[in-house]
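Protein chains: 2
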Amino acid sequence: MYLDSLDKLVSAFRSLPGVGFKTAQRYAYGVLNMSEEDVKTFAQSMVNAKEKIHFCNECGNFSEKEVCDQCLKCSAETICVVGEPKDVVAMEKLKNFNGVFHVLHGCINPLEHKTPNDIRIKELVARVQKHKTKEVIMATNPDVPGDTTAYYIAELLKPFGVKVTRLAQGVSMGTDLEYADEVTLNRAMELRNNL
Amino acid sequence: MYLDSLDKLVSAFRSLPGVGFKTAQRYAYGVLNMSEEDVKTFAQSMVNAKEKIHFCNECGNFSEKEVCDQCLKCSAETICVVGEPKDVVAMEKLKNFNGVFHVLHGCINPLEHKTPNDIRIKELVARVQKHKTKEVIMATNPDVPGDTTAYYIAELLKPFGVKVTRLAQGVSMGTDLEYADEVTLNRAMELRNNL
C-alpha cells in the first residue's frame with residue numbers, strides 16, 4: 002500500500018521533535034481515525050497558533066500581543082532569566098514569584114556557535130536599566146552553557162548595581178542518593194547549608 | 002502565560018494516540034519553531050490525507066481510490082485476513098506473498114461489545130464466493146480476540162471448501178527464552194515441529 006497523501010502526513014509528523022517513523026505512522030493513523038471535522042479543527046489550530054503567537058517585545062516569551070500580559074501587569078523589579086519559552090512554563094509553577102521573566106532564546110555555547118550576541122542579552126541589560134531592576138535571578142539550565150551564561154550576565158550587570166542570583170543547585174527532592182550523579186553530589190557537598 | 006491558541010493546539014495534539022500533556026506541549030512548541038510555510042504544509046497534509054483516504058470497497062484497507070491498486074492487480078486466490086489497516090503495512094513486508102488482504106476493522110471481542118456483525122466478515126465471505134478463493138490466511142493478532150475471530154471465520158468458511166490457515170505461533174526469532182512468557186512457551190511446545 003503506497004498512498005501519497007498518507008506518506009506526506011507521516012513525513013509531516015516526523016518533523017516534530019523526537020518523532021520517528023513508527024510514531025509518525027501511528028499518529029497518521031490516529032488522524033485518519035478522527036472525524037473530518039476534528040481533523041480540520043486540528044489543522045486550523047496549528048495554523049492559528051503559528052499565525053497568532055509571536056515573541057513578546059519585552060520578555061521574549063510567546064505572546065499573542067506585542068507585549069505580553071505579564072510584562073504589562075508585573076513590575077520588572079525582579080527579573081527571572083531563562084533559556085527558552087518552555088522554561089517559563091516550568092518556572093510559572095512557582096507560587097511566590099511575582100516578578101517578570103526574560104527569555105534569552107538560547108545560552109552561550111561555543112560548540113553550537115552561540116555567542117553572547119546571538120541571545121537576548123542586550124535586551125536584558127536595556128530592561129534592567131529602564132526599570133531599575135533590583136534583582137536578576139539566573140534560571141538558565143544547570144549545565145555548562147547555562148552556568149556560563151549565568152556567570153557572563155552576572156559580570157555584565159555588575160556596573161548597574163543590580164543583585165544577580167542563581168537558582169540553588171544540589172540534590173533534587175526525592176532523589177535516591179544511590180542514583181545521584183557525581184557532579185550533582187559534588188555540587189551539593191560544596192554548597193552545603195548550616196542546619 | 003496563558004495563550005488560547007497554544008492551549009487549543011496542545012489539546013489537539015492530545016487527541017493523538019498515546020500523547021499526554023507534556024508530549025503535546027513539546028509538539029506544540031515544535032510547531033511554533035517551524036516556519037509559517039512548513040506549518041501550513043503540515044496542516045494541509047492532514048486535511049488532504051483525511052479527505053482523500055477512504056476504505057477500499059473490496060479489502061477495507063486505506064485507499065485513495067474506490068478499489069485499491071492491490072485488489073485490482075492481484076488475484077484473490079489467497080486472501081490474508083488482518084484486524085486493522087496498520088497490520089497490512091506489517092504484512093506487506095513479506096516478500097513472497099502475492100495474494101490480497103482483507104481488513105476486518107476489529108476482531109470479535111465480547112468485552113468491547115464487538116460481535117461478528119460489527120466487523121467485515123460478511124464482506125469476506127462474499128469475496129471468497131465471488132473469487133473462488135483457494136486459501137484464507139488468518140493473520141489476526143495472536144491474542145484471545147484474534148484467535149476467536151480466526152476460529153469463527155474458519156468454521157464459517159467450511160461449507161465453501163476453502164482452506165483456512167493461521168499464522169504459526171511460537172517463540173519469535175531472536176527471543177531470549179529466559180524472557181519468553183509462559184503462554185508463548187506453552188504454545189511453542191504444543192506446536193513443536195519435527196526436525
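Note that the protein sequences, when read in sequence, are chains S and X.
The first sequence finishes on residue 196 if you use this note's numbering, and the numbering steps up by one all the way, no holes.
The second sequence finishes on residue 196 if you use this note's numbering, and the numbering steps up by one all the way, no holes.
Note that CB positions come from ideal geometry on N, CA and C, so glycine has one too.
From a predicted model like this one, the values you see are computed outputs, not experimental measurements.
Quick one: using the 10 Å Cβ neighbour count with 16 as the cut-off for buried, is A127 of chain X buried or exposed? exposed
So is Y180 of chain S buried or exposed if we call it buried at 16+ other beta carbons inside 10 Å? exposed
With a threshold of 16 other CB atoms inside 10 Å of the CB of G85 of chain X, please say whether the residue is buried or exposed. Note that residue 85 of chain X corresponds to Glu in the displayed sequence, not to Gly. The residue in question, E85 of chain X, is buried, as its Cβ has 16 or more Cβ neighbours within 10 Å.
What would DSSP say about K164 of chain S, mapped onto helix, strand or coil? strand
Is there at least one Cβ from chain X nearer than 9 Å to P146 of chain S's Cβ? no
Would K87 of chain S pass as an interface residue toward chain X - the criterion being a Cβ-Cβ separation below 9 Å? yes
Using a Cβ-Cβ cut-off of less than 8 Å, list which residues of the stretch 37-62 of chain X approach chain S; keep chain order. E37, D39, V40, K41, T42, F43, A44, Q45, S46, M47, V48, N49, A50, K51, E52, K53, I54 and N62
Between the beta-carbon of P146 of chain X and the beta-carbon of N99 of chain X, is there less than 9 Å? no
Using 9 Å as the limit for Cβ to Cβ distance, is K94 of chain S near chain X? no
Answer yes or no: do P89 of chain X and V68 of chain X have a C-beta to C-beta separation smaller than 9 Å? Per the sequence shown, the amino acid found at residue 89 of chain X is Val instead of Pro. Taking 9 Å as the Cβ cut-off, V89 of chain X and V68 of chain X do not qualify as a contacting pair.
Would V236 of chain X count as contacting chain S if we go by Cβ distances under 9 Å? As displayed, chain X neither begins before 2 nor continues past 196, which places residue 236 of chain X out of reach and without an answer.
Buried/exposed call for G61 of chain X, threshold 16 Cβ in 10 Å: buried
Could you check which residue in X:T166, X:T116, X:L158 and X:E37 has the C-alpha nearest to that of A140 of chain X? X:T166
Decide if the stretch 75-82 of chain S is in contact with the stretch 29-47 of chain S; the criterion is three or more beta carbon pairs, one per stretch, under 8 Å apart. no
What separation, rounded to the nearest whole angstrom, lies between the Cα atoms of F102 of chain S and T24 of chain X? 24 Å
Pairing CB atoms from the stretch 151-168 of chain S with CB atoms from the stretch 181-191 of chain S, are three or more of them under 8 Å? no
For a minimum of 3 consecutive residues, which ranges assigned as the beta strand (DSSP E) are wholly contained in the stretch 63-143 of chain S? 79-83, 101-104 and 136-139
I want to see whether chain X comes within less than 9 Å of E65 of chain S, judged by CB atoms only; does it? yes
Output, in sequence order along the chain, the residues in the stretch 16-31 of chain S whose CB is closer than 9 Å to any CB in chain X. S16, L17, P18, G19, V20, T24, Q26, R27, Y28, A29, Y30 and G31
Looking at the secondary structure, which residues open and close the alpha helix (DSSP H) in which G31 of chain S lies? F22 to N34
Closer than 9 Å to chain S by CB, K9 of chain X: yes
Specify, as a first and last residue, the run of the alpha helix (DSSP H) that G19 of chain X falls within. Per DSSP, G19 of chain X belongs to no alpha helix (DSSP H) and is neither H nor E.
Would M47 of chain S be called buried (16 or more neighbouring beta carbons within 10 Å of its own) or exposed? buried
Tell me which residues share the same chain as C57 of chain X and place their Cβ nearer than 7 Å to its Cβ, disregarding the 5 neighbours each side in the sequence. S64, V68, C69 and C72
Per-residue burial, T150 of chain S [other beta carbons within 10 Å of its own, 16 or more giving buried]: buried
Look at L17 of chain X and A50 of chain S and say whether their C-beta atoms are less than 9 Å apart. no
Which value, in whole angstroms, describes the spacing of the CA atoms of P117 of chain S and C108 of chain S? 8 Å
Within its chain, find whatever has a CB closer than 8 Å to the CB of K115 of chain S; leave out the 5 residues flanking it on each side and keep chain order. G107, C108, I109 and P146
Limits of the alpha helix (DSSP H) - the one that R188 of chain X falls within: E183 to E191
Kindly say whether S173 of chain S, judged by its beta-carbon, lies nearer than 9 Å to any beta-carbon of chain X. no
Could you tell me the alpha carbon to alpha carbon distance between Y28 of chain S and R121 of chain X, rounded to whole angstroms? 24 Å
For V163 of chain X, decide whether its Cβ has a neighbour in chain S, counting only Cβ atoms nearer than 9 Å. no
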